[in-house]
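2 protein chains.
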Amino acid sequence: MKEEGVKQNCSSELRQDIITGDWVVIATGRAKRPEDFSKAERIKDNSEIESCIFENPEKTGQVEDVLIYETKEGEWTLRVFPNKYPAFTQNQNHCVSPEEGPYFAMPGIGFHEVIVTRDHYKSLAHLENLEVAEVLDAYQERYLDLMKNKKVNFIGIFHNYGKEAGASISHPHSQLMAIPVVSPYLELELYGAENYFRQNRHCVYCVMAEYEHNTKKRVVFENENFIAFCPFASRAAFEIWVMPKKHSPYFERITIEEKIKAAEVLQKSLNSIFKALNDPAYNFYIHTSPCDGKDYPHFHWHIEILPHTATWAGFELETGIEISTIQPEIAAEYLRKML
Amino acid sequence: MKEEGVKQNCSSELRQDIITGDWVVIATGRAKRPEDFSKAERIKDNSEIESCIFENPEKTGQVEDVLIYETKEGEWTLRVFPNKYPAFTQNQNHCVSPEEGPYFAMPGIGFHEVIVTRDHYKSLAHLENLEVAEVLDAYQERYLDLMKNKKVNFIGIFHNYGKEAGASISHPHSQLMAIPVVSPYLELELYGAENYFRQNRHCVYCVMAEYEHNTKKRVVFENENFIAFCPFASRAAFEIWVMPKKHSPYFERITIEEKIKAAEVLQKSLNSIFKALNDPAYNFYIHTSPCDGKDYPHFHWHIEILPHTATWAGFELETGIEISTIQPEIAAEYLRKML
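Residue numbers (the numbering used here), protein chains in the order written: chain A, 1245 to 1583; chain B, 1245 to 1583.
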């Protein structure tokens, strides 16, 4: 058996994403200790609960809910409604000329919804297991409803936390966009997963999940059904992927039991980031197969969590090669200590 | 002749990048007037000239210059030296195990240099034409030198201006990374350009430059040799591309006359952004063919300028589909007024 592992004092290494073939740089010559990443003080939004439009949607003129979960006493615990400033909407067929000279455009027909949890001050990192499972439940319910629409071929589900991560309202919320085109990033992963399967007769995500489970060093937390780990080719410092251990291309087919297990791993992951980086801004999103009527047997749905630990500057924007300044092994070790 | 142009009151449209096939969203339902974009107050760095390590590299322990331009009187006007915290360096063959389980890595062998202009307070937007040409001259000279290295297959040249755009030092400077792998973004463009040529027998960039020159509406500025325009499928509000009008795959083959013409268009573009957005942070970078010994006859080098007008949040990070809130036609019209 060959010597495993990458030496920790290497000042710069290129790591390849085995799914997409893309590269990242781990440049530890600029290194900080894991605890130094928490110093990047986040701009906290101290907006008042009284003026929060998610707290009192009826007062602030919000349109009708498309989904609402309530307690037995009739108190809402989660609600979903259309985004007030949608990036995609219905009925705008007449707006766009499909062609202009050599170019091509189409109307941004789709759905853009907001998924809001009850507590103004409690992020997902601090909710109970069943409360996080309820959020996943809402994602699934809206997904299953919207995928029926013939013009919807892809549904993006994401969560922005903190201003630097693009959250313009501090009340915890996720968003969902159901759109006619498939995400280019997802297409790279779909292509990569199929290509890997052709060459190796295995799902590349299953291979990763199993390898990480066996070696443990990049694992943040795992239970029977899900594993959270810092990917070998992390795009950002302290990035975490949450992945089902069982091969599964379609998030929307998740079972109740799996939702509870996924919620535990997601909550622990977010909580470890919260503690390790002192309440950083972050984004997470679900990568799942398109809903365009085709089968994607070799894809494997997962959640990617990207803490806002660096600014992507000219090199990253130019090349798509992200530079991270901490090894994922060190980041994972530190995150595990937070649990 | 069909009706040209996209209606301006459309609240959301998907526009396709005809080079890569990627999509952007222009969501003007969230629209602001062009002048409103300038309100995003930039965090200005008021660092003192005395403590600037680029102002006095000899005092602050900077290593030796690899290139220096001087006046007849022996005063330096531009200098190039290795980055003190390099993302890529020489001689680290022993650091990285190339394999770990299913993964693959390689040493980050390469060069990472900084290109510094003389004036601490004057950005490229405010330099004279010949001073900007001198910067392009330095890019070219370093490119021609570094591309000789057998391990260098790609050279990224970029400029970060302002903290939000990743500039950690306020003294105006560009950077250059000469690395063993080709940028994934460039590969998408190379593939797209070749594919377009096979289908249409034309360079896709030449087609764009000619169409923009003829229709004028997205042009910011042009002269005999170069054109600056807001791309039809802009990734960011007020994005500008600067492109040679003559087909040319290799930046490093630019002539003296062309450098002066390119400098004029680049400077006017940056100056229009400076005025329109009230001194915003921005990145620009050069997309040119790899230097891996292969020919890229269908590529066409160009500069992309990305003002920091929005935060890429969960949806953009998840999908690679960027959302912009102003039509490039409106942005270009406003930028032209600044000249």
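Ideal Cβ positions, reconstructed from N, Cα and C, are used throughout, including at glycine.
Chain-ordered neighbours of residue i on chain A, where CB pairs are closer than 7 angstroms
i       : result
B:E1613 : Shown here, chain B extends from 1245 to 1583; a query on residue 1613 of chain B therefore has no answer.
B:H1403 : G1558
B:N1527 : A1557, G1558, L1561
B:G1400 : F1559, E1562, T1563
Contacts of residue i in chain B (Cβ-Cβ under 8 angstroms)
i       : result
A:W1267 : V1425, P1428
A:R1259 : Y1347, F1348, A1349
A:I1567 : A1331
A:I1262 : P1346, Y1347, F1348
Closest Cα partner of residue i within the set the options
i       : options                            : result
B:A1525 : B:E1483, B:Y1449, B:E1408, B:M1582 : B:E1408
A:E1466 : A:L1550, A:A1507, A:V1451, A:E1483 : A:A1507
A:M1582 : A:E1560, A:S1513, A:E1292, A:I1549 : A:S1513
B:E1372 : B:L1550, B:D1266, B:Q1511, B:A1422 : B:Q1511
A:A1575 : A:P1534, A:I1262, A:L1258, A:S1282 : A:S1282
B:C1296 : B:R1362, B:Y1435, B:E1308          : B:R1362
B:P1572 : B:E1496, B:P1493, B:R1462          : B:R1462
A:Q1334 : B:I1471, B:F1441, B:Y1440, B:S1256 : B:S1256
A:I1500 : A:H1491, A:E1385, A:T1569, A:H1417 : A:E1385
B:V1464 : B:N1515, B:I1312, B:G1400          : B:N1515
B:S1418 : B:E1433, B:L1432, B:V1379          : B:V1379
A:T1555 : B:P1424, B:G1318, B:N1404, B:N1327 : B:N1404
A:Y1329 : A:N1444, A:V1358, A:I1312          : A:V1358
B:H1531 : B:L1432, B:K1394, B:G1406          : B:L1432
A:P1551 : A:K1395, A:D1523, A:E1560          : A:D1523
A:G1406 : A:R1442, A:S1367, A:K1392          : A:S1367
A:N1327 : A:E1314, A:P1342, A:E1308, A:E1317 : A:E1308
Start-to-end residues for the alpha helix (DSSP H) that takes in residue i
i       : result
B:R1442 : 1428–1444
B:Y1383 : 1373–1390
B:F1518 : 1500–1520
B:Y1365 : It is not in any alpha helix (DSSP H) - B:Y1365 carries neither H nor E in the DSSP assignment.
B:E1562 : 1558–1563
A:P1488 : From DSSP, A:P1488 is part of no alpha helix (DSSP H) but of the beta strand (DSSP E) over 1484–1488.
B:R1580 : 1572–1581
Interface residues of chain A facing residue i [CB-CB closer than 9 angstroms]
i       : result
B:F1495 : In chain order: nothing, as chain A lies at least about 13 angstroms away.
Neighbour list for residue i in chain B, Cβ cutoff strictly below 9 angstroms
i       : result
A:V1486 : Those do not exist, as A:V1486 stays about 14 angstroms from chain B at its closest Cβ, beyond 9 angstroms.
A:E1408 : T1555
A:T1459 : E1344, G1345
A:S1414 : By Cβ distance, chain B contributes nothing, its closest Cβ being about 14 angstroms from A:S1414, past 9 angstroms.
Bounding residues of the beta strand (DSSP E) (the contiguous stretch that carries residue i)
i       : result
B:E1466 : 1463–1466
B:V1358 : 1355–1361
A:M1452 : Note, A:M1452: premise wrong, no beta strand (DSSP E); alpha helix (DSSP H) at 1448–1459.
B:W1320 : 1320–1326
A:A1349 : 1347–1351
A:W1545 : No beta strand (DSSP E) holds A:W1545; DSSP gives it neither H nor E.
A:F1470 : 1470–1473
B:I1413 : No beta strand (DSSP E) contains B:I1413, which DSSP labels as neither H nor E.
Check whether residue i and residue j have beta carbons under 8 angstroms apart
i       : j       : result
B:V1360 : B:L1322 : yes
A:A1369 : A:F1518 : yes
A:E1562 : B:F1402 : yes
B:A1453 : B:K1489 : yes
B:H1364 : B:H1415 : yes
A:A1411 : B:Q1260 : no
B:A1331 : B:I1504 : no
B:W1485 : B:E1548 : yes
A:G1558 : B:N1527 : yes
B:H1446 : B:P1493 : no
B:L1521 : B:T1553 : yes
B:Y1347 : A:I1570 : no
A:E1496 : A:L1388 : yes
A:A1382 : A:V1324 : yes
A:Y1440 : B:G1345 : no
B:I1399 : B:L1420 : yes
B:L1258 : A:G1273 : no
A:I1413 : A:G1354 : no
B:N1444 : B:C1535 : no
Contacts of residue i in chain A (Cβ-Cβ under 8 angstroms)
i       : result
B:Q1419 : G1558, F1559
B:M1452 : P1346
Partner residues on chain B for residue i, Cβ-Cβ distance less than 7 angstroms
i       : result
A:A1271 : A1331, G1352
A:L1550 : L1561
A:Y1455 : G1345, P1346
A:G1564 : S1427, P1428, Y1429
Any chance the region 1421–1428 of chain B sits against the region 1538–1546 of chain B, with 3 or more Cβ pairs inside 8 angstroms?
no
| said: Under 8 angstroms: do the region 1471–1490 of chain A and the region 1258–1278 of chain A share three or more Cβ pairs, one atom per stretch? | reply: Taking a contact to require three or more Cβ pairs closer than 8 angstroms, the region 1471–1490 of chain A and the region 1258–1278 of chain A qualify as touching.
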